[in-house]
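In my numbering, the protein residues as written are 13 to 327.
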Amino acid sequence: MAESVFEQKIATQLQSLDIHREEPASQKWIRRFVWKIAVATLLLMAVGSATRVMNAGLACPDWPLCYGQLIPRAQMNLQVFLEWFHRLDAALIGLSAIALLGLSLWYRRNLPRWLPWASGLALGAIVFQGVLGGLTVTKLLRFDIVTAHLGTALLFFSILIVIASLLTPYSGAGTAGKLPWLGLIATLLIYIQSLLGALVGSQWALHQCFSFSQLCSVMNSHIIGVVPSTLSTLTLTFVAWRSRELHPLLRKLANTAAGLVALQILLGVATFYLHLQVEPLTVMHQGVGAALLGTLVAFVTFALRDRATLTQPKT
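What follows is the structure, given as structure tokens:
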């Protein structure tokens, strides 16, 4: 009974978001803008991973400039370019987040009431992300700051996915059942697994364990974490497959999550046995993990919207 009351409260809150009304033109192109920022953020995390595996995290010894310049032409090489481009991409995304907040305030009369608040939350996350980015350099890639840097990036990415999913037109079938909660569990486990992976990468735990039998507990925790995160995602997919009247979008997202988790496992195994020696595999491993998280976040958002249709008054 308590769970049912809790679900009804969430459904009521979703209705109050005004996400079911006719979409104005301003909402349409803001939605597209948010999706583009989300894709850019996914690419930013991939570039950040490449920066780490190529040992380019300190290629620019100062911050926010690089060798005291906006464009360090004299010092430019592959490592410097990766770190410099990573900062440039992050700055552009930060400016995009400012623009998103400004647009949501300017057109607030034609947009859902929650959008300016959500845009402000996204801006706060990317500002904090920038602070952590500076600290990763000034603190010489301290592992906890590097891990928090990625964790905040994933949170910012997730906020964008939620905003874009809420702005996307969607007519729920009211058949999601318990899928929102299964999706939420899978999302949290994947996020934790991503943080464990960041700890492994930021401490070079795989190399340390193989070479010196150190940090093996960090590496093993990431390996063990594969089991609950994978099982939760596959359970979600199985239940979605059994729900024959499920909305096609939810079914597609569940199938995509299953495919991504299978690919992620293959990349993880390959990365493990190749001892992180093939940089593109490591970058793909992190990129696919972020894409999996984003897919699950979108699934949960749409599944909650689907449940909200059950409490809508019939016309």
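C-beta: ideal position from N, C-alpha, C; glycine also. Remember, predicted model here, so these are calculated numbers, not experimental data.
With distance defined between alpha-carbon atoms, name the residue in the options nearest to residue i.
i, options, result
"Val-139", "Leu-308, Thr-148, Lys-190, Thr-164", "Thr-164"
"Leu-94", "Gly-69, Pro-260, Leu-207, Leu-82", "Gly-69"
"Leu-178", "Pro-84, Met-296, Arg-43, Gly-306", "Arg-43"
"Trp-253", "Lys-264, Leu-100, Ala-282", "Lys-264"
"Thr-199", "Ala-37, Ala-266, Leu-227", "Ala-266"
"Gly-271", "Ser-225, Thr-242, Gly-146", "Thr-242"
"Val-309", "Leu-172, Ala-274, Leu-208", "Leu-172"
"Val-175", "Phe-314, Arg-99, Leu-208", "The sequence given here has Ile at residue 175, not Val. The shortest Cα separation from Ile-175 among Phe-314, Arg-99, Leu-208 belongs to Phe-314."
"Ala-137", "Ile-105, Asn-122, Trp-118", "Ile-105"
"Asp-101", "Leu-117, Trp-118, Pro-76", "Pro-76"
"Thr-63", "His-297, Asp-318, Glu-291", "Glu-291"
"Ala-37", "Pro-128, Leu-54, Leu-55, Leu-123", "Leu-123"
Just to confirm before moving on: does the CB-CB distance between residue i and residue j stay below 9 angstroms?
i, j, result
"Leu-258", "Ala-210", "no"
"Ile-202", "Ser-108", "no"
"Gly-195", "Val-300", "no"
"Ala-302", "Phe-169", "yes"
"Gln-81", "Phe-155", "no"
"Ser-61", "Gly-213", "yes"
"Leu-135", "Leu-112", "yes"
"Ile-157", "Leu-147", "yes"
From residue i to residue j, what does the alpha carbon distance come to, in whole angstroms?
i, j, result
"His-32", "Leu-316", "With a pLDDT of 47 at His-32, under the threshold of 50, the modelled position of that residue is not reliable, and no figure is offered here."
"Ser-131", "Gly-114", "9 angstroms"
"Asn-89", "Pro-240", "42 angstroms"
"Leu-278", "Asn-232", "17 angstroms"
"Trp-96", "Pro-73", "11 angstroms"
"Lys-40", "Thr-180", "8 angstroms"
"Pro-260", "Leu-248", "15 angstroms"
"Lys-326", "Ala-188", "Low confidence applies to Lys-326: its pLDDT is 46, below 50, so where it sits in the model is not reliable, and the reading given next is rough at best. Taking the straight line joining both Cα atoms gives about 19 angstroms."
"Gln-91", "Tyr-79", "13 angstroms"
"Ser-120", "Ser-225", "First, the amino acid is wrong: residue 120 is Arg here, not Ser. Whole-angstrom Cα-Cα distance: 57 angstroms."
"Phe-284", "Ala-320", "43 angstroms"
"Met-57", "Arg-125", "30 angstroms"
"Asp-30", "Thr-159", "Confidence at Asp-30 is low in this model, with a pLDDT of 47, below 50, so its placement is unreliable and the value that follows should be read with caution. Cα to Cα, the separation comes out at about 36 angstroms."
"Tyr-182", "Leu-117", "24 angstroms"
"Arg-85", "Asn-67", "20 angstroms"
"Thr-307", "Ile-235", "22 angstroms"
"Val-281", "Ile-83", "38 angstroms"
"Leu-275", "Ser-255", "24 angstroms"
"Ile-204", "Leu-162", "12 angstroms"
"Cys-228", "Ala-103", "36 angstroms"
"Ile-197", "Gln-87", "47 angstroms"
"Pro-128", "Val-251", "35 angstroms"
"Gln-220", "Asp-318", "47 angstroms"
"Trp-208", "Gln-298", "The sequence given here places Leu at residue 208; Trp does not occur at that position. Near 12 angstroms, if we compare the C-alpha coordinates of Gln-298 and Leu-208."
Pull up the CB-CB distance for residue i and residue j, whole angstroms please, since I reckon it's below 8 angstroms.
i, j, result
"Leu-305", "Ser-244", "Going by Cβ atoms, the distance from Leu-305 to Ser-244 rounds to 13 angstroms, so no, they are not a contact pair."
"Val-65", "Val-295", "6 angstroms"
"His-98", "Val-59", "5 angstroms"
"Leu-246", "Leu-191", "The pair is not a contact, with the Cβ atoms about 14 angstroms apart (cut-off 8 angstroms)."
query: In chain order, which continuous runs of the beta strand (DSSP E) of length 3 or greater are located wholly inside the segment 193-224?
result: none
message: Going residue by residue through the segment 277-317, where are the continuous beta strand (DSSP E) segments of at least 3 residues, counting only ones entirely within it?
response: none
message: Going residue by residue through the segment 104-170, where are the continuous alpha helix (DSSP H) segments of at least 4 residues, counting only ones entirely within it?
response: 127-150
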